[in-house]
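What follows is a single structure, written as structure tokens, with notes after it.
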Amino acid sequence: MAFDAERRQELREKFNEFAASRSPQTRAELIEAHLGLAEYLARRFANRGEPLDDLVQVAATGLIKAVDRFEPERGLEFSTYATHTIVGELKRHFRDKGWAVRVPRRMQELHLRLSTLVSTLNQNLGRSPTVAEIATAAGVSEEEVLEALEAGQAYRFTSLDAPVPGEEAGSLVTTLGDDDEQMTDVEHRVALSPLIQKLPPRQQKILHLRFFEGLTQSEIASRLEISQMHVSRLLARSLAVLREAAEED
Amino acid sequence: MPDEVQLVMPADPEFLRLARVTAMGLASRLSFTIDEIDDLRIAIDELVFGLIGTRGRPGRVTMRYALLPEGLEVRGTGSFEDGLPTPGLTELSSLILNAVSDEHELSPDGPSPTFRLLKRRDGA
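Chains as they are written, first to last, in our numbering: chain A, 1 to 249; chain B, 250 to 373.
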């Protein structure tokens with residue numbers, strides 16, 4: 001989609017006006033004027049198993065964010081800025097659907113096998129094992145161990161991240177208990193932020209133990225009686241959720 | 250001169266995996282434990298997101314990994330085309346980085362924002 005010079009100038013002026021007034025009507029006009037761009041980009045992501053209508057909706061959401069965040073005084077063309085935001089929104093849509101990160105079955109199986117092995121090595125060695133030690137014990141190469149470790153970080157590796165039955169309910173405030181009094185002001189502000197409170201209690205607990213109490217992942221695993229690799233996955237997942245939530249805040 | 254590995258990648262979170270895997274491979278050569286490798290991975294995520302934001306931005310990030318006697322040093326330099334301010338570290342990111350790294354800094358200002366990370370081996 002392309003505008004002629006006169007229309008482009010008209011839209012630039014509208015963006016300037018919107019930057020000053022934040023008028024809902026101007027906002028609607030700017031969104032309307034660029035819907036063609038959103039549709040064009042949505043079509044580029046078509047034929048990947050998602051209905052085009054849904055993709056257009058996602059792209060439109062990106063467009064709205066772009067209109068709201070665009071700062072015309074920076075001199076960037078809106079179409080450049082919006083394209084980046086809209087494509088980001090579309091990619092995120094596919095990622096959230098779980099299709100952006102495909103973990104081969106072989107790697108899922110190795111990941112599960114390593115999970116038990118790491119716990120055993122932890123106990124036998126009295127410390128966290130190295131990659132070489134895990135590889136030797138598993139009879140695979142160090143590269144395969146690294147690949148399996150990274151595979152566990154796939155955000156939608158849901159079968160491994162499913163909640164464990166009997167997980168305690170409650171907010172961070174209740175799980176922190178006595179430690180709460182020893183926290184600094186910064187820790188209070190961060191730990192009790194609404195974002196963290198949206199996480200499942202166990203993930204809140206793991207964040208607290210790792211980042212506020214300074215326990216290692218292996219120590220947390222031991223305390224919570226789960227595997228180190230499960231702690232690693234839950235931490236990665238919590239941080240990804242917090243990052244996205246902070247962005248949307 | 251320590252051994253050094255460089256990686257130039259688009260400033261897009263989809264490529265962050267490469268930055269992590271490179272760090273993991275090098276940390277493994279230095280006999281890091283998997284606890285330390287996980288810390289490194291978290292630290293790289295936080296710092297790269299501090300340069301590119303969660304959605305990425307037009308441009309690229311150059312990663313330099315130096316194998317030092319005491320551990321792994323990672324430097325990242327952004328080169329961006331959008332003229333927008335670099336996100337930098339949130340309070341939570343800083344807290345996380347304090348827990349998982351030995352030294353870290355992010356300079357968000359200027360046309361080439363940078364970060365530096367040092368992760369020591371246990372006992373180094």
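Ideal Cβ positions, reconstructed from N, Cα and C, are used throughout, including at glycine. Here the structure is a predicted model, which is why all the values come from computation and not from measurement.
Same chain, Cβ closer than 7 Å to residue i, five either side skipped, listed in chain order
| i | result |
| --- | --- |
| V254 of chain B | T271, L275, Y314 |
| D261 of chain B | G305 |
| P251 of chain B | A315, L316, L317 |
| E142 of chain A | V131, A132, A135 |
| L341 of chain B | none |
| A162 of chain A | Any answer about A162 of chain A is weak, because its pLDDT of 33 lies below 50 and its placement is not dependable; what the coordinates show is given next. Result list for A162 of chain A: empty, nothing under 7 Å. |
| I220 of chain A | I206, L209, R210, V231 |
| K14 of chain A | T26, E29, L30 |
| S361 of chain B | T326, G327, S328 |
| G337 of chain B | G299, L355, P357 |
Contact set between residue i and chain B, taken where Cβ atoms lie within less than 7 Å
| i | result |
| --- | --- |
| P129 of chain A | T282, I283 |
| R210 of chain A | A348 |
| E142 of chain A | S277 |
| S232 of chain A | D287 |
| A246 of chain A | T339 |
| L63 of chain A | Within chain B, no residue comes near L63 of chain A; the closest Cβ sits about 14 Å away, beyond 7 Å. |
| L224 of chain A | Simply none; closest approach about 15 Å. |
Cross-chain neighbours of residue i in chain B, by beta carbon under 8 Å
| i | result |
| --- | --- |
| E50 of chain A | What E50 of chain A touches in chain B: nothing, since even the nearest Cβ is about 18 Å away. |
| T216 of chain A | D284 |
| L235 of chain A | D287, I291 |
| G88 of chain A | R304, G305 |
| V118 of chain A | I283 |
| A132 of chain A | S277, S280 |
| L41 of chain A | None at all; the shortest Cβ gap to chain B is about 14 Å. |
Residue i: contacting residues in chain A (beta-carbon distance under 9 Å)
| i | result |
| --- | --- |
| F298 of chain B | R243 |
| D331 of chain B | R74, L76, T80, Y81, H84 |
| I345 of chain B | L207, R210, F211, L239 |
Under 9 Å by beta carbon: chain B residues contacting residue i
| i | result |
| --- | --- |
| L149 of chain A | M273, I283, I286, D287, R290 |
| L37 of chain A | What L37 of chain A touches in chain B: nothing, since even the nearest Cβ is about 16 Å away. |
| Q252 of chain A | The question about residue 252 of chain A has no answer, for chain A in this structure spans 1 to 249. |
| L112 of chain A | None at all; the shortest Cβ gap to chain B is about 16 Å. |
Chain-order list of residues whose beta-carbon lies under 8 Å from that of residue i (same chain, five-residue window excluded)
| i | result |
| --- | --- |
| L215 of chain A | L209, R223 |
| E387 of chain B | Chain B is shown only over 250 to 373; residue 387 of chain B falls outside these bounds and no answer can be derived. |
| D351 of chain B | G320, L367, K368, R369 |
| D358 of chain B | T335 |
| Q217 of chain A | S128, R210, Q228, V231, S232, L235 |
| N124 of chain A | none |
| S171 of chain A | With a pLDDT of only 32 at S171 of chain A, under 50, the local geometry of the prediction cannot be trusted, and no value is derived from it. |
Reduced DSSP category for residue i - H, G, I as helix; E, B as strand; rest coil
| i | result |
| --- | --- |
| E263 of chain B | helix |
| F281 of chain B | coil |
| G308 of chain B | strand |
| E71 of chain A | coil |
| V231 of chain A | helix |
| T130 of chain A | strand |
| D331 of chain B | coil |
| L256 of chain B | strand |
| A236 of chain A | helix |
| G320 of chain B | strand |
| E147 of chain A | helix |
| F299 of chain A | Residue 299 of chain A cannot be examined here, being either before or after the span of chain A that is shown, 1 to 249. |
| I226 of chain A | coil |
| P201 of chain A | helix |
| I3 of chain A | Contrary to the premise, residue 3 of chain A reads as Phe rather than Ile in this sequence. Coil. |
| D287 of chain B | helix |
| T116 of chain A | helix |
| P357 of chain B | coil |
| A46 of chain A | coil |
| V140 of chain A | coil |
| E340 of chain B | helix |
| T216 of chain A | coil |
| P51 of chain A | coil |
| R22 of chain A | coil |
| G302 of chain B | coil |
Per-residue contacts from residue i into chain A (C-beta, under 8 Å)
| i | result |
| --- | --- |
| R306 of chain B | H84 |
Per DSSP, the bridge partner or partners of residue i
| i | result |
| --- | --- |
| D326 of chain B | As written in the sequence, residue 326 of chain B is Thr, which differs from the Asp given in the question. Paired residues: B:T311, B:T363. |
| E352 of chain B | B:L367 |
heavy atom of the ligand COA below 7 Å from residue i C-beta
| i | result |
| --- | --- |
| K14 of chain A | This structure lacks the ligand COA, and indeed carries no ligand of any kind. |
Listed by chain order, chain A residues near residue i by CB distance under 7 Å
| i | result |
| --- | --- |
| L355 of chain B | Chain A residues near L355 of chain B: none, gap ~15 Å exceeds 7 Å. |
| V244 of chain B | Shown here, chain B extends from 250 to 373; a query on residue 244 of chain B therefore has no answer. |
Contact set for residue i: own chain, Cβ-Cβ below 6 Å, skip 5 residues either direction
| i | result |
| --- | --- |
| A20 of chain A | none |
| T85 of chain A | G62, K65, A66 |
| I220 of chain B | Lying before the first or after the last residue shown, residue 220 of chain B is absent from chain B, which here runs from 250 to 373. |
Are three or more beta carbon pairs between the stretch 107-118 of chain A and the stretch 325-337 of chain B nearer than 8 Å? They do not touch, by the three-pair rule.
Determine contact between the stretch 57-76 of chain A and the stretch 29-39 of chain A, defined as no fewer than three beta-carbon pairs at a distance below 8 Å. Three or more Cβ pairs closer than 8 Å define a contact, and the stretch 57-76 of chain A meets that threshold against the stretch 29-39 of chain A.
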